[in-house]
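Input: a single structure, listed below in structure tokens.
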Amino acid sequence: MMNSMGRKYEDNEDRLRILKKSFIKMFEKETLADFVIKIDDETINTHRCVLAQNSEVFKRMLGQNMIEAKIGEIKIVDCSIDCFRAMLEFFYSGEIEINTFEKLGEDLYAIADKYEVVTLKEVCEQYMAMSITSTNFKKRYDCAKTYGLLMLEKSCIKYIYANKEEFLISKEWEEFKSLNGESAFKMLEDALLGKFVINGEE
């Protein structure tokens with residue numbers, strides 16, 4: 002019985018891998034693409050059904066007979082081609098490469114928030130929370146405050162606690178204090194009091 006269940010699980014995993022490869026290939030080969038995304042001088046051909054399935058904004062846009070739905074294209078003016086393409090690749094594969102997160106983290110969260118891509122927002126916040134450094138601390142904190150990301154904000158506080166000997170004498174912390182005096186004091190206080198626990202977990 003166990004062997005049968007094991008084989009069934011492996012079969013399901015194989016099918017999922019095949020399905021993912023098929024979707025990625027459909028995106029890369031632009032198979033029967035029916036919607037155009039224009040960013041600067043570049044064009045990305047994609048599929049309405051995939052956009053609508055992953056983004057509530059695209060779902061409304063394409064389902065309410067808006068001008069973009071009628072002409073079959075949209076021009077994006079507030080996002081880089083790399084960032085938007087990364088979001089599209091997530092639509093088709095359900096994955097984001099680590100180096101893409103490292104390069105686009107906060108920007109990728111911003112575009113996921115704008116287009117209401119809940120799963121990508123969750124993945125972005127988790128990655129940002131796990132990859133805080135002295136160099137990106139301010140950007141992570143600003144992102145947490147802008148979008149109300151409790152887990153990310155608590156992770157910034159935890160970073161202070163875990164790295165206090167080095168971080169609190171760094172130029173990054175001095176710059177952060179000069180720009181966020183009251184918030185910096187509150188974060189330091191919370192760090193010293195251990196207030197970085199969410200639902201009983203650090």
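Numbering-wise, the sequence shown is residues 2 to 203 according to our numbering. We treat Cβ as the ideally placed atom computed from N, Cα and C, and that holds for glycine. Keep in mind that this is a model prediction, so the values were computed, not measured.
Item to check | N200, DSSP secondary structure in three states | outcome: The sequence position of residue 200 within the sequence shown is 199, counting from 1. The predicted model places N200 with a pLDDT of 45, which falls under 50 and marks its position as unreliable, so this point remains unresolved.
Item to check | According to DSSP, residues forming a beta bridge with I45 | outcome: Position 44 of the sequence shown holds residue 45. Answer is I38.
Checklist entry - Buried or exposed: which applies to K26, given that a residue is buried once 16 or more other Cβ atoms fall within 10 Å of its Cβ? => result What you label residue 26 is simply residue 25 of the sequence shown in a count that begins at 1. Result: exposed.
Checklist entry - Hey, I133 and Y116: beta-carbon distance below 8 Å or not? => result Counted from its first residue, the sequence shown places residue 133 at position 132. Counted from its first residue, the sequence shown places residue 116 at position 115. Not a contact, by the Cβ cut-off of 8 Å.
Next on the checklist: Restricting to Cα atoms, I'd like to know which of F28, Y162, N181 is closest to S94.
Outcome noted: What you label residue 94 is simply residue 93 of the sequence shown in a count that begins at 1. Here the closest residue by C-alpha is F28.
Item to check | M88 versus N66, K22, C125, residue with shortest Cα-Cα distance | outcome: The count along the sequence shown starts at 1 and reaches residue 88 at position 87. Nearest option by C-alpha distance: C125.
Checklist entry - Where does E74 sit, in a helix, a strand or coil, going by DSSP? => result Working through the sequence shown from its first residue, we reach residue 74 at position 73. Here E74 sits in strand by DSSP.
Item to check | Boundaries of the alpha helix (DSSP H) in which E166 is found, first to last residue | outcome: Here residue 166 refers to the residue found at position 165 when the sequence shown is read from its first residue. Segment 165-168, the alpha helix (DSSP H) holding E166.
Checklist entry - Roughly how far, in whole angstroms, is the beta-carbon of F177 from the beta-carbon of K139, given that I think they are within contact range, below 8 Å? => result By 1-based counting over the sequence shown, the position of residue 177 is 176. By 1-based counting over the sequence shown, the position of residue 139 is 138. Indeed they touch by this definition, with Cβ atoms about 5 Å apart.
Checklist entry - M188: buried (16+ other C-beta within 10 angstroms of its C-beta) or exposed? => result Against the sequence shown, residue 188 aligns to sequence position 187. The residue is buried, with at least 16 neighbouring Cβ atoms inside 10 Å.
Checklist entry - Cα-Cα, which of A145, L194, S135, R141 is closest to K172? => result Taking the sequence shown and counting its residues from 1, one reaches residue 172 at position 171. Among A145, L194, S135, R141, the Cα nearest to that of K172 belongs to S135.
Checklist entry - What residue ranges within the segment 59-105 form continuous beta strand (DSSP E) runs of no fewer than 3 residues, ordered along the chain? => result 74-77
Checklist entry - Quick one: what does DSSP say L194 is sitting in, helix, strand or coil? => result For the purposes of this step, residue 194 is taken as residue 193 along the sequence shown, with counting starting at 1. In this structure, L194 counts as coil in the three-state DSSP scheme.
Item to check | Reference E107; option with closest CA among Y128, F91, M67 | outcome: For this step, residue 107 is matched to residue 106 along the sequence shown. Ranking the options by Cα distance to E107, first place goes to Y128.
Checklist entry - Among H48, I40, K22, which has the Cα closest to the Cα of L1? => result Residue 1 lies beyond the range of the chain shown here (2 to 203); nothing can be said about it.
Checklist entry - Mind checking whether K165 and E154 have CB atoms under 8 Å apart? => result As a working mapping, residue 165 is identified with position 164 in the sequence shown. As a working mapping, residue 154 is identified with position 153 in the sequence shown. No, these two residues do not count as a Cβ contact at 8 Å.
Checklist entry - On the three-state DSSP scale, how would you describe E31? => result Within the sequence shown, the letter at position 30 stands for residue 31. Note: E31 maps to coil in three-state DSSP.
Item to check | Minimum C-alpha distance to F197 - residue among F168, I68, R86, M152 | outcome: Taking the sequence shown and counting its residues from 1, the one referred to as residue 197 is at position 196. Checking every option, the nearest Cα to that of F197 belongs to M152.
Checklist entry - Within 10 angstroms of its Cβ, does S156 collect 16 or more other Cβ (buried), or is it exposed? => result Position 155 of the sequence shown, counted from the first residue, corresponds to residue 156. By the neighbour-count rule (16 or more Cβ atoms within 10 Å), S156 is buried.
Item to check | Straight-line gap, D42 to D114 (C-alpha atoms, nearest Å) | outcome: What you label residue 42 is simply residue 41 of the sequence shown in a count that begins at 1. What you label residue 114 is simply residue 113 of the sequence shown in a count that begins at 1. Taking the straight line joining both Cα atoms gives about 24 Å.
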